[in-house]
Structures are given as structure tokens and as C-alpha cells.
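What follows is one structure encoded as C-alpha cells, with my remarks underneath.
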């Protein structure tokens, strides 16, 4: 059985919403909302998956409860060290095909963490290939995939693959050494880009980026060669150095894949690639930029099925999550999410949309581009050539009887003004803005020549956010730090509710291990600053007061600053002092 839900198709008894109520994960009202959304989606999706998509339970909760119903023990693979001698009992090919990881051997019984623990065909095959009796455990598919990636695709494996590709390149690719890249004709570039070793190298760079969960791939030509780097958890990581002779063929290959003009080397270009890799759909936004020593290529990796949607998955502290959930219940007004590029604003907007999507509302978005498709939501994309700008799209959306509108970004006065007028006429509007903190948002809108009375009347809250790396759970360790050292760094220790007392504080860091590639961090979480507009704040906006006045009033009304939120996560052992300083104080 090869389908993703083969285990659930065999289940006895069924996993119902009542199980999650009995576990204290959801309420009766939340189950009714999920059942309504299930009907809206056609009634084909299991209720458990609907609950996950709505952010009411986590995938880990779903799998754990599934195991409880089936009578199969659940294994949390996060932070679980799989012995190397046990892993070798199952070949990489079999482990990846069945999504199964051997975890323990006792006498003649091999314990195996599986996605489909009821699939008797998989269990029989594992019994035959290993010679042991199989004791199945159920685990989260994403965790199993992560263990598979770290266990069976090590740096040495990548190095071996790269060495083989370069050996084939030297043997097969005929590149006249006397010709400079600028002298190569379009036909020669196309021929180079379609040679088998070049295709293999391009595929290796892309698949390794996906394995490492990189958000961006950078190909940077220099005087002596080509440097390949990935952005992993917001930080640039060197991956490989390639010789100068590979630049023209590899750049041509990615241009062919993204349907760019391979003969144009002096002007920037951009396009996108859609591909299915490992059974998952990915989009790559490809951009070229002419440099002194060749064209630089950057590819933004968009996992169309991998977005973590749900307010409970974004790292909100309980105080802020409660407020933002209340804001989502409003029937009109504007919710703004602010922050620099790459701070997770789109994910937060999608999570808010998921929160308000109950199946009883008409929700429309206009985005540039549509990064992830959400079921039950009408999404349209900016197309400037066709005249479909944010402003034009927003005007058209207002004639489509919407309840909730999402505008990807407020870029100009026209878009912002239309959005605010829509909020005043009974629509809930979601959008983003580029500001450093929440109190700066109204000031930025005034700078865009939006009337202050529109801002004060329509804006209900502003959420500023950043992304910080999370300490790797596999190598996490505690240490003592003097309280004064944090105060000296400017961290507001005395202002954080629930902060530790005494002269020394117990903090945590990652020592570095194979699972985090020695970085000490694995994954990212949000750090937030949520400003709710009170009557006082509305009044000072009307009088065009500066951002520092808004900040004072917001803090007086209970707003936790980005620094306070970050420090709370340091004291909770989620991240480190260095990471807070890097993200918030740089």
C-alpha cells in the first residue's frame, strides 16, 4: 500500500473528533467548526487532518492519538538518537520507500518507527529483509523524513556525489578553454546546459537544498570559481566551491529550467520553476543578477505543501496568542503584520486566514505572487502587464461580496486608502507593511500620505515580528549566566514577567551535533510585538504624533516589546542570548 493514508484506510476503530476532546486538545465548539469546514471541503478529508489544517491540533497530536486508538505506541523522534548500528539493519532504499526507521533491537525483536504501522505488507517485507520480528511504533512523517535525511544523506555522501559529477564533467563536457563565457553563442550555452553531468549537478544542488530545508539557494561566481551557499534558518551556509569552468554550463542549466533568455547576460532576469521532488511539489523563484565575474543566481525555495499554518505553530506567547485570536473574531477593521523581508509575515497572514476560515465566509486574497494555495480561499495574483495591480485587484475584490480580504502588501497610497475604506465598510482586511516595529506602522502610513483619520478609524492592531533560530533539541545543554551580563547587553530582564530571580540565571545553548550540522540550532520560531489600538493611541495618531509616543502608550496598555518577547524565549530555553542579540539588536 503506497498511498499516504494507507494506514488510516485500514484503521479499526476510527479516529474521530471525540478522541481529541477526551484528550483535552479541543472543545466541542471547535469540533463543530472543524466538521463544518470538512463539509465545505467536500467531506473527503478525515476530521483529524481538517483539525490540523485549522491549527486546532498539531500533527504530533494527531499521530499520537491515532496510535492510542490503534493500540500502537507513539514515538517522538525529536531529540531521539537512533543508534548507527541499528540503522544499518535496514538499507537506505527500503527505509526511504517504506518511511520506516529501526530504533531498537532486543533479542530477536526489532522496533521500527513507521508512518503506516498497520500496513502488514511493509511489516512482512521488513521481517524478511532483516530476519527479525517487527514491533511497530507510530511516528510523525516529518520526523521520520528528517531522520532519514540526516542518517542516509551525510556530507560525505554529497561530497562523493559531487566528486563523481565533476569527474564526469571533465570527461564528457567539451568546453574550449580559450573561449571566455561572453564569447559563447546561444547554441553553445544551450548545449552545455543540457549535458548530463551539468543536469546531475543542478539536481544535486536543488535536492540537497531541500534536504537541508534551505529557504534560498545562492550561486555566486567569483574570480576563481563558483560558490554555492544556502540560507538555512535565516543564516547563510557555505555548501560547495566549484571550479570556474562550471559557471557558464550551470548558469545556462538553471536558465533553461526557468525558461529565461540564456543569451542575455547583461540584464537581470527572473522567472520560476515548478517541480515535484520526493513526491512533494516545490516552486523556485529564480532571479539572475550580472556581476563582475558572471551572473549570480538566487532561487527562493517554496515548499507548496510544507507551510506550517496555524497560530499555535508560530511561537506566540500565551498573552499575545490570546489577543491575536480575539482580533481574528472581528467582523471589520485592518490587521497589519510588519517586519523585514523573510520575517515570516506571509506565514502569519495565512495562519490568520486559516483561523478565520470557518466555511461561512467569502475570503479573497491578492498576492504577489501566490506562494501557497489554501483550500476554501479564493486567491488571485498580481499581474502588472495585464493591469492587475494590488489597487486594481482590491477594487475588483470589493465587487465580489467579500467578508475577509487579504492584500499581500501595502505598497502605495492608493492600495492603503482603498483597503482602509474597505475596513470601514464592514470587511476584515489583512495586510503587511515594511516597518521595524509595531508603533512605526501608523507613522509609515502617514508618510505614504494616508489620511490619519482613516488610519485611526480602521486599524485594530499591528503585529511586528522576526524569526529566531531554535536551540537544537538533540544537543541542548544548560549553563549559568550572571544576571548582570544580560542587563549589560540591554536585555530587559527585570521587565519580563516570570523571569528567574537571583544573581545567576539558568540559560540554554546547543553544543552542536550531527542533526544540526554543528550549528547548535534547528528550526526557527517567531518573536512578536503586538500593539492593539486603544482610544488613546487613536487620538495621538489623529494628531500625527511620532512613533516613540505610540510606543510609550502601547507599553502602558500592556504591549510586550520584541526584546521582552525574545528574552522570554531565552529564559524558557527556546533560543539563546546570542540569537536575540543577532536578530533584534544588530
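Residue numbers (the working numbering): -15 to 570.
Yeah, the Cβ is synthetic: ideal placement off N, Cα and C, and Gly gets one too.
Computed from a prediction, not measured in an experiment: that's the story for all the values here.
Self-check item: According to DSSP, residues forming a beta bridge with residue 515
Solution: 446
Practice problem: Check whether the Cβ atoms of residue 510 and residue 328 sit closer than 9 Å, and answer yes or no. | Solution: yes
Quiz prompt | Anticipated Cβ contact below 8 Å, residue 186 with residue 238, distance rounded | solution = 6 Å
Practice problem: Specify the secondary structure class of residue 303 as computed by DSSP and reduced to three states. | Solution: helix
Quiz item: Under the three-state reduction of DSSP, which class applies to residue 500: helix, strand or coil?
Solution: coil
Quiz prompt | C-alpha gap between residue -2 and residue 5, whole angstroms | solution = 15 Å
Self-check item: the segment 304 to 324 contacting the segment 222 to 231, beta-carbon criterion three pairs below 8 Å
Solution: no
Self-check item: residue 294 vs residue 339 beta-carbon contact at 9 Å
Solution: yes
Practice problem: From the DSSP output, in three-state form, read off residue 265 for me. | Solution: strand
Quiz item: For residue 288, which beta-bridge partners are listed by DSSP?
Solution: DSSP, once it has assigned bridges, lists no residue as partnering residue 288.
Exercise. Using only alpha-carbon positions, find the residue among 93, 54, 403 that is nearest to residue 100.
Key: 54
Self-check item: Cβ neighbour criterion (16 or more within 10 Å) applied to residue 273
Solution: exposed
Exercise. Sort out for me which residues DSSP pairs residue 222 with in a bridge.
Key: 213
Quiz item: Going by other Cβ atoms of all chains shown within 10 Å of its Cβ, with 16 needed for buried, is residue 547 buried or exposed?
Solution: buried
Quiz item: Cβ of residue 399 within 8 Å of any heavy atom in the ligand MG?
Solution: The ligand content of the structure shown is nil, which means the ligand MG is not present either.
Quiz prompt | Cutoff 6 Å; reference residue 562; Cβ partners in own chain excluding five residues on either side | solution = none
Quiz item: For the segment 120 to 132 against the segment 76 to 92, are there 3 or more C-beta pairs whose distance is under 8 Å?
Solution: yes
Self-check item: The alpha helix (DSSP H) enclosing residue 470, as first and last residue numbers
Solution: 467 to 472
Self-check item: Contacting residues, own chain, Cβ-Cβ under 7 Å from residue 515 (five flanking each side not counted)
Solution: 422, 423, 445, 446, 538, 543
Practice problem: Report the rounded CA-to-CA distance for residue 285 versus residue 266, giving the unit in angstroms. | Solution: 7 Å
Practice problem: Mind checking who residue 277 pairs with in its DSSP beta bridge? | Solution: Its beta-bridge partners do not exist; DSSP assigns none.
Quiz prompt | Contact under 9 Å by Cβ, residue 582 with residue 343 | solution = Absent from the model: residue 582. The displayed extent of the chain is -15 to 570, so no value can be given.
Practice problem: Determine, using beta-carbon pairs with one atom in the segment 448 to 460 and one in the segment 497 to 506, whether at least three such pairs fall under 8 Å. | Solution: yes
Exercise. Give the DSSP-derived three-state secondary structure of residue 532 in the structure shown.
Key: helix
Self-check item: Local conformation of residue 162 per DSSP, three classes
Solution: In this prediction, residue 162 scores a pLDDT of 38, lower than 50, which makes its location untrustworthy; no coordinate-derived value is stated.
Quiz prompt | Given residue 532 as reference, the closest of 425, 466, 493, 555 once Cα atoms are compared | solution = 425
Self-check item: Residues near residue 475 in its chain [Cβ-Cβ closer than 6 Å; skip 5 each side]
Solution: 551
Quiz prompt | CB of residue 85 within 9 Å of CB of residue 123, strictly | solution = yes
Practice problem: Please check the pair residue 27 and residue 217, which I expect to be a contact at CB under 8 Å, by giving their CB distance rounded to whole angstroms. | Solution: Actually they do not touch by this definition, with Cβ atoms about 39 Å apart.
Exercise. State the start and end residues of the unbroken alpha helix (DSSP H) segment that holds residue 43.
Key: 43 to 54
Quiz item: Under the three-state reduction of DSSP, which class applies to residue 508: helix, strand or coil?
Solution: strand
Exercise. Output the boundary residues of the alpha helix (DSSP H) element that contains residue 404.
Key: 397 to 408
Exercise. Could you please give the first and the last residue of the uninterrupted beta strand (DSSP E) stretch that includes residue 93?
Key: 93 to 98
Quiz item: Ordered along the chain, which non-local residues of its own chain (more than five positions away) have a Cβ less than 7 Å from that of residue 107?
Solution: 118, 120
Self-check item: Member of 98, 288, 88 whose CA lies at the smallest distance from the CA of residue 258
Solution: 288
Quiz prompt | DSSP-derived helix/strand/coil call for residue 195 | solution = helix
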